[in-house]
Amino acid sequence: MKYKSFILSFYYWLLVVFSFLLYAPSFVPGAMSVIAYYMSMLVLLLSVNTIKHGGFWCFRLIAVIVGLGIFIVNDYLRLFYSLPSSTWSGKIVMYGVFALITAIGIRKCNQFVKQD
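To convert, take the position in the sequence shown, counting from 1, and add 3; that gives this note's numbering.
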């Protein structure tokens, strides 16, 4: 039983570290910032799956890290001084995907808290 909790804890921290590491390609203009966005959405989806094993803190922390990365750090998606090639319609779609995944995670958190 100790091995399972150790592996889960390692997996949670690995997701957190990887979400921080995705800040580096977010600074690079062009395709790298878009790739960083898609990778951060993958990390966010993986953190949603940790909720059923008690990883509420992991999902919340990664949602904050990814949100800051999208709205402040990412060259393509940031709210102020983004790349001139980025369109608002594309940004809104990408913001919507982030909001949808985060809403699913919050709903899942609330379901598991009510079950306890």
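Even glycine gets a Cβ: it sits at the ideal position worked out from N, Cα and C.
Practice item. Assuming Ser43 and Asp78 form a contact by the criterion Cβ under 8 Å, report the distance between their Cβ atoms to the nearest whole angstrom. Key: Not confirmed; about 13 Å, so no contact.
Point to revise | Any C-beta of chain C under 9 Å from that of Leu17 | key: The chain labelled as chain C is not found in the depicted structure, where only one protein chain is given.
Exercise for review: Note down the Cα distance separating Leu64 from Phe21, rounded to an integer number of angstroms.
Suggested key: 12 Å
Point to revise | Cβ neighbour criterion (16 or more within 10 Å) applied to Ser50 | key: buried
Point to revise | Tyr79, DSSP secondary structure in three states | key: coil
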